[in-house]
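Note that our numbering has the sequence shown beginning at 144, numbered continuously upward.
Here the structure is laid out as structure tokens; the discussion comes afterwards.
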Amino acid sequence: MLSEGIVTTNEWLHVFRKSIPAYKRAAAADPAVPEAARPAAVEAFERAFAGVLDALERDPTLEEVDGFVTAPLSCATLCRARDQALHRAGFFDIFKPLKDRENDLALKLLPGVLRELDAEPDAGRRLELALRGVFAGNIFDQGCAETAARTDSSGEGGASGTFAATRAQLLPRPWAVDDLDALLSHFASRPQPHRKAILFVDNAGPDVVLGMVPLARELLKRGTQVVLAANEAPSINDITAGELRPLLARAADADPLLARCLAERALRVVSSGNDLGVIDLSEVSREVAAEAEDGCDLVVCEGMGRGIETNLRAAFGCDSAKLGMIKHPEVARLLNGRMYDIVCKFDPAPAGQ
């Protein structure tokens, strides 16, 4: 729930208000909606969602605004209201063209990223390089006004074209939440690799292709089964399970290890059951619940929505990591960090589990 703490409720509402221009631009170019109908539909979206924010600024205790559920007031509630405002206006996947383009661009760069990892003989340094790739890839996020503007101005190479530079220019350590050394030490000292890891993935494009797929591959090389859990339905530029399955198959076409692991089902995709840019892990799909019950001993929540704004302090009965880049100044303030700072939180399984 949002509360009057270091960051006020009105400041959180402003975070969502700042996202409206990027949503309007994407909606205005949505090929799924007839061109002649788009201007009025875009206005309808803005009017509906801005109206929700205006009403909540006046009275944050409101339980409902014009048919939108607004209680309890939280990031998840506001994300759902924004998506519902889009749906009411006739928009259901406004970032689909951007996701497709960035996926294509990232796939072209993936073989080079994998070659770079394979050239590193030390397993610990390889894992660190893969993790740094996760942080760099996570900058591709249309849910944040600041990073949406970066993507819009990234030119022909798209966000993927800036991946290597972003990874090289990550803020110096110590990061806002910096358990990297503990994570690497824990992995190095395990007598056996993890049996199964569930990775909750975030954005399409370089985030999943150049960040999470290489991390999954590093875990596979260690003998760990990897389950990639992605959204069931579109939200922001998050990858869906339906999009990730063929995307992963395309990635495997250029990599024998990924191809073998897919064929053997050591690597697989499931729907998380989620339809927002944040996730409530108490409401996952039956698929995810079944995978978790069947020997999962590592959970990774990736991205600002899944790993920071929700679940940063979530406790698990197994090893867990929360990985992401801070892209809201309000979140940076809460964590006493910097804009584009890194969150690398690692918690080992409780003793005896």
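Every residue gets a Cβ at the ideal spot worked out from N, C-alpha and C, and that includes glycine.
Taking 8 Å as the cut-off, the beta carbon of Val176 is found closer than this to the beta carbon of Gly233. The residue among Ala193, Glu189, Arg190 and Ala224 with its C-alpha nearest the C-alpha of Glu206 is Ala224.
As the crow flies, the alpha-carbon of His337 is around 8 Å from that of Gly366. Using a 10 angstroms sphere on the CB of Arg403, the tally of other CB atoms stays under 16, which defines it as exposed.
Sequence-distant partners of Val427 (beyond 5 residues in either direction) whose C-beta falls short of 6 Å from its own C-beta, in its chain, are Ser415 and Gly416.
Beta-bridge pairing by DSSP links Asp381 to Asn346. Rounded to whole angstroms, the Cβ separation of Gly348 and Ala249 is 5 Å, and the two are in contact under 8 Å.
In the DSSP annotation of this structure, the continuous segment of the alpha helix (DSSP H) that includes Gln227 starts and ends at Cys218 to Arg231. Asn153 carries a helical assignment under DSSP once its states are collapsed to helix, strand and coil.
Counting only residues of its own chain and dropping the five nearest sequence neighbours on each side, Ala359 has a CB closer than 7 Å to the CB of Leu342, Val369, Leu371 and Leu410. Here the alpha carbon of Glu436 sits roughly 15 Å from the alpha carbon of Ser463. Of the candidates Ala394, Ala307, Leu466 and Leu274, the residue whose Cα lies closest to the Cα of Asp247 is Ala394. Across the set Val158, Ala279 and Asp345, the C-alpha of Asp345 shows the shortest separation from the C-alpha of Lys242. Within a 10 Å sphere around the beta-carbon of Ser328 sit fewer than 16 other beta-carbons, which makes this residue exposed. In this chain, the beta strand (DSSP E) harbouring Arg411 covers Leu410 to Ser414. Contact between the segment 464–473 and the segment 440–450 is established, with three or more Cβ pairs separated by less than 8 Å. Looking at the DSSP output, Cys487 sits in a beta bridge with Asp321 and Leu466. Contact annotation: Leu326 and Cys461 have beta-carbon atoms that are not nearer than 8 Å.
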